[in-house]
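Peer 1:
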Amino acid sequence: MALILPLWAFALLPLPLLLAALFWGAPPIALVSELIGLVSGKPFPARAARQMSRLALGGHALFWVVVAACLALLSSHPLRQSEFVTGNSLLLIAALALPFFGSLALVGYDLGWKFARERKLIHFLLGCVANIPIKYGYWALAGLGLLYFRGVNLESPAFLPPWGSALWPLMALWLPLSLCLAAAVGLCYLLLRRDADDWGRDYYRFAAPFLAKWHLVCGLIVLAVMVWLYASLKGVFNLHLPQIFNAGLASAACLGLAMLLSLLVTVSENPMRFKVSMVGAAVLSLAHASMLLVAILETLNRYVPGWSVPTFMPELLRLFG
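For the sequence shown, my numbering begins at 23 and goes up steadily by one.
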């Protein structure tokens with residue numbers, strides 16, 4: 023695969039990662055937060071769920087605008103008439119239809135907060151309906167990509183990679199990473215919506231540490247999966263090449279700093295005073311995801327035949343070398 027991108031395009035890399043994280047990570051945070059409120063009987067988790075569902079809805083709306091724009095651009099492209107598209111048209115349609123149905127259900131879930139007090143269980147079940155198609159739609163796309171790039175039939179015993187394969191930590195990485203990014207962006211959303219929602223000082227003393235804990239816990243899981251990914255690859259590839267190692271190290275450093283900022287918010291008695299920490303946690307988390315993707319791309323460039331997606335790392339190393 024050869025894909026040449028201008029170096030300035032990598033400055034936009036956090037934007038699709040942010041959009042994907044909001045699409046996939048914000049809805050489950052809202053649903054679990056609502057469940058915590060149902061179990062505890064306290065109102066603050068439900069309010070946090072309401073804000074996260076609104077953030078998720080905005081992410082979904084923007085996601086489908088981008089998808090529609092891409093489909094319009096590809097309408098006259100030869101790729102649409104390729105053997106891959108014609109041979110897998112039903113699977114491609116299903117892979118888009120499932121998350122689209124989840125987005126429609128998310129609209130009902132977000133609009134249903136007005137009657138959620140009287141029909142808590144029904145509203146929670148609607149949230150489950152909204153989340154499940156999003157997850158299945160994502161894995162349909164992931165499975166389709168696996169089928170396409172590996173060129174192995176579903177009936178083949180070699181379709182699933184062996185347990186030591188790096189594909190397993192790569193697939194496991196997106197769940198905690200999307201939750202981590204969505205929680206970090208949720209902290210910024212608290213700041214943006216504070217005057218509009220105005221749910222009282224006590225609520226924000228709860229909500230900011232609550233989302234910061236989501237960010238911390240998911241960040242720790244991301245670090246653990248990164249170690250798993252490194253262990254699965256170190257005996258196969260040389261991960262200490264400068265363009266790979268430095269990108270991975272920068273990714274881990276950004277996440278570590280972001281988690282430290284979230285820790286400040288978590289332990290503070292007045293968390294809303296740490297506005298710079300909240301914004302910094304979000305920015306560093308996006309930088310972490312971007313540099314991690316660059317490290318993965320550089321590994322593919324070096325060791326996968328036919329794969330070529332040049333990044334800015336060689337130019338950056340020459341600049342500081």
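In this text, a Cβ means the ideal position worked out from N, Cα and C, and glycines have one as well.
Closest by CA to Trp236, which one among Leu189, Met313, Ala52?
Peer 2: Residue 236 sits at position 214 when you count from the first residue of the sequence shown. Out of Leu189, Met313, Ala52, Ala52 has the C-alpha closest to the C-alpha of Trp236.
Peer 1: Residue ranges of each beta strand (DSSP E) run of no fewer than 3 residues wholly in the region 234-301, ordered along the chain?
Peer 2: none
Peer 1: In three-state terms, what does DSSP make of Ser62?
Peer 2: The residue given as residue 62 occupies position 40 in the sequence shown. Ser62 falls in the helix class under three-state DSSP.
Peer 1: From this set, Ile243, Gly186, Leu213, which residue's C-alpha is nearest Leu197's C-alpha?
Peer 2: Counting from one through the sequence shown, the residue named residue 197 turns up at place 175. The shortest Cα separation from Leu197 among Ile243, Gly186, Leu213 belongs to Ile243.
Peer 1: Is it right to say Val326 is buried, meaning 16 or more other beta carbons lie within 10 angstroms of its own, or is it exposed?
Peer 2: In the sequence shown, residue 326 corresponds to position 304, counting from 1. Under this definition Val326 is an exposed residue.
Peer 1: In three-state DSSP terms, what is Arg141?
Peer 2: The residue labelled residue 141 in the question sits at position 119 within the sequence shown. Coil, per DSSP.
Peer 1: Comparing alpha-carbon positions, which option in Trp250, Leu279, Phe334, Ala91 lies nearest Gln265?
Peer 2: Your numbering for residue 265 matches position 243 in the sequence shown. Out of Trp250, Leu279, Phe334, Ala91, Phe334 has the C-alpha closest to the C-alpha of Gln265.
Peer 1: Measure the C-alpha to C-alpha separation of Val129 and Leu338 and round it to an integer number of angstroms.
Peer 2: Your numbering for residue 129 matches position 107 in the sequence shown. Your numbering for residue 338 matches position 316 in the sequence shown. Each residue's Cα considered, the two are about 43 Å apart.
Peer 1: Suppose the cutoff is 7 Å on Cβ atoms and the five residues either side in sequence are ignored; what does the same chain contact list for Leu213 look like?
Peer 2: In the sequence shown, counting from the first residue as 1, residue 213 sits at position 191. Taken in chain order, the residues that qualify are Lys297, Met300.
Peer 1: To the nearest angstrom, report how far apart Gly319 and Arg69 are at their CA atoms.
Peer 2: Along the sequence shown, one-based indexing puts residue 319 at 297. Along the sequence shown, one-based indexing puts residue 69 at 47. In the sequence as displayed, the identity of residue 319 is Leu instead of Gly. Cα-Cα distance, rounded: 39 Å.
Peer 1: Might you give, ordered along the chain, the residues of its own chain that have their beta carbon closer than 8 Å to the beta carbon of Leu251, omitting 5 neighbours on each side?
Peer 2: Against the sequence shown, residue 251 aligns to sequence position 229. The residues are Ala188, Pro191, Leu192, Leu195.
Peer 1: Express the C-alpha separation of Phe228 and Leu44 in angstroms, rounding to a whole number.
Peer 2: Residue numbering aside, residue 44 sits at position 22 when the sequence shown is read from its first letter. Residue numbering aside, residue 228 sits at position 206 when the sequence shown is read from its first letter. Between Leu44 and Phe228, the C-alpha separation is close to 22 Å.
Peer 1: Just to confirm, are Thr288 and Ala234 a CB contact at a threshold of 7 Å?
Peer 2: What you label residue 288 is simply residue 266 of the sequence shown in a count that begins at 1. What you label residue 234 is simply residue 212 of the sequence shown in a count that begins at 1. A contact, by the Cβ cut-off of 7 Å.
Peer 1: Could you tell me the alpha carbon to alpha carbon distance between Phe259 and Arg324, rounded to whole angstroms?
Peer 2: Mapped onto the sequence shown, residue 259 falls at position 237. Mapped onto the sequence shown, residue 324 falls at position 302. Each residue's Cα considered, the two are about 9 Å apart.
Peer 1: Please name the residue in Leu263, Leu79, Cys202 whose C-alpha comes closest to that of Val305.
Peer 2: Taking the sequence shown and counting its residues from 1, one reaches residue 305 at position 283. Among Leu263, Leu79, Cys202, the Cα nearest to that of Val305 is on Cys202.
Peer 1: Would Ala204 and Gly47 be called neighbours here (beta carbons separated by less than 7 Å)?
Peer 2: Residue mapping note: residue 204 aligns to position 182 of the sequence shown, counting from 1. Residue mapping note: residue 47 aligns to position 25 of the sequence shown, counting from 1. Yes. Within cutoff.
Peer 1: Consult DSSP for Asp220 and reduce its assignment to one of helix, strand or coil.
Peer 2: Taking the sequence shown and counting its residues from 1, one reaches residue 220 at position 198. Three-state result, Asp220: coil.
Peer 1: In terms of alpha-carbon separation, which member of Trp221, Thr321, Arg223 lies closest to Leu255?
Peer 2: Counted from its first residue, the sequence shown places residue 255 at position 233. Measuring from the Cα of Leu255, the nearest candidate turns out to be Thr321.
Peer 1: Report yes if the CB atom of Pro293 is closer than 7 Å to the CB atom of Pro231, and no otherwise.
Peer 2: As a first step, residue 293 must be located in the sequence shown, where it is residue number 271. As a first step, residue 231 must be located in the sequence shown, where it is residue number 209. Going by C-beta atoms, Pro293 is nearer than 7 Å to Pro231.
Peer 1: For Leu34, does the three-state DSSP call read helix, strand or coil?
Peer 2: As a first step, residue 34 must be located in the sequence shown, where it is residue number 12. Leu34 falls in the helix class under three-state DSSP.
Peer 1: Give the DSSP-derived three-state secondary structure of Glu337 in the structure shown.
Peer 2: Residue 337 sits at position 315 when you count from the first residue of the sequence shown. Glu337: helix per DSSP, three-state reduction.
Peer 1: Which residue marks the beginning of the alpha helix (DSSP H) containing Pro184, and which one marks its end?
Peer 2: Position 162 of the sequence shown, counted from the first residue, corresponds to residue 184. No alpha helix (DSSP H) contains Pro184, which DSSP labels as neither H nor E.
Peer 1: Among the residues of its own chain, which have a CB less than 8 Å from the CB of Leu34, if the five just before and after it don't count?
Peer 2: Translated into positions along the sequence shown, residue 34 becomes position 12. If we look at Leu34 and ignore the five residues flanking it on each side, it has no Cβ neighbours.
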